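Sequential numbering of the sequence shown, starting at 1, is according to the UniProt record's numbering. C-beta atoms are modelled at their ideal positions from N, C-alpha and C, and glycine is treated no differently. Model, not experiment: these values are computed from the prediction.
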Amino acid sequence: MEGKRGSECLLKSVSNIDFKPLILSAIISSVVNFLINRSITNLHFIRKLNLSVLKKILKFSINQYAANFLSYFSRNSDNILIGKFMGPTTLANYNKAYSLLMLPFNFSINIIGVVLQPVLSDYQDNVDFIRGFFLKMVHLLALIGTPLSIFFYLSAKQIILFMYGPQWTDAITPFSILSLTILIEMVISVNGAILQSRNHSKIYLTTQILYAIIIITSIIIGILWGGIIRVSICLTIGFIINFFVCFYRTVKYSLYGKMLDFFKEFISPFILGGIILLALDPLKYIDLKSNIVSILLRLLVFISIFILYIFFTPEKKNIAQILKKINNRYFK
């Protein structure tokens, strides 16, 4: 995120546009993250430079840096390739769709990045504990991501028209297709924190290498196939393939678990998603003249079903257990 903000600042400065708010936002975000991490880890500054400490984390840091670089490059390769070979208009429609869908992912990755690693830092060698916590987090993120994917998929037209206006109707179909990746993106956001907590930065790096290969290949195939809709389809397939590759490596080589246990965590979220699908799909036959009213109606149905499902199923207890573990780590 900071890298993108920095690029935007550079472009705006060249154009003589006031970029102070953008810089201020990046600075505040970094300072807040620093203060939160410092308070959680209870670290203190010292005057003496201890190189032995740096040697201990050198390999981990190199792998971490390389993995983050690959992640950043591959996540921005779609804009580079689409803009280069399909033109600015196609890129604009794609960017409108994808950037809006990234909001849930950015929220989850920022929260998990700050919260999850400190929670698991004391249990690096306790594989059973980390595996159990990992499965609970996957379950929670799937419980949020599955209904969100369904909601965005079925409400693509209303959301695009409400957020951007009728001039962006070409972004509706890509938005609808890519909305199926919300679940994948949210669940996969837990992966990096788990591998880092296990001190398996090498697995994290090789996983990011595979991710970059899969995603960039998917984008190139979509561009050669022709059209932004086909690029969206190929990219969605690429995300699905990467999902299985990524979690197979994490579950098998880092957590020493079984994929069957991993897939079981999706049963309840898929049931919730199915209920929301059955409830929202008939709304397309209701002709509401106001786009705002249509979105509000869909949101009302979505939120009502979600809350009722949580409170009248064991999910209420599952969520309470996760929050209790996090609370005990921060405020014990």
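Requested in this report: Could you spell out where the alpha helix (DSSP H) holding G227 opens and where it closes?
Outcome: No alpha helix (DSSP H) contains G227, which DSSP labels as neither H nor E.
**Report entry** Inter-residue spacing [alpha-carbon to alpha-carbon] between Y248 and N242
**Finding:** 10 Å
Report task. Out of I216, P174, L205, state which residue places its alpha-carbon closest to the alpha-carbon of I229. Result -> P174
Query raised in the report: Who are the near neighbours of residue 337 in its chain, counting only those whose CB is closer than 8 Å to its CB and skipping five residues on each side?
Result: Given that the chain is displayed from residue 1 to residue 332, the structure contains no residue 337 and the question cannot be resolved.
Query raised in the report: Is the stretch 274–281 in contact with the stretch 144–159, if contact means three or more CB pairs nearer than 8 Å?
Result: yes
Query - Run of the alpha helix (DSSP H) containing S189, from where it starts to where it stops - result: 182–197
Query raised in the report: Ends of the alpha helix (DSSP H) at I46?
Result: Careful: I46 lies outside any alpha helix (DSSP H) and carries neither H nor E.
Query raised in the report: Under 9 Å, do I240 and T181 count as touching if we go by C-beta distance?
Result: yes
Query raised in the report: Would you say I223 and L81 are within 9 Å of each other, going by their C-beta atoms?
Result: yes
Query raised in the report: Nearest CA to the CA of I276: which residue from I221, I188, P147, L49?
Result: P147
Report task. Could you tell me the distance, in whole angstroms, from the CA atom of Y285 to the CA atom of V301? Result -> 15 Å
Requested in this report: Answer with buried or exposed for M163, where buried requires no fewer than 16 other C-beta atoms within 10 angstroms of its C-beta.
Outcome: exposed
Query raised in the report: Closest Cβ-Cβ distance between I223 and chain B: below 9 Å?
Result: Chain labels in this structure do not include chain B; a single protein chain is all it has.
Report task. From the DSSP output, in three-state form, read off L255 for me. Result -> coil
Requested in this report: Check each candidate in N79, L70, N76, V119 and name the one with the smallest Cα separation from I322.
Outcome: V119
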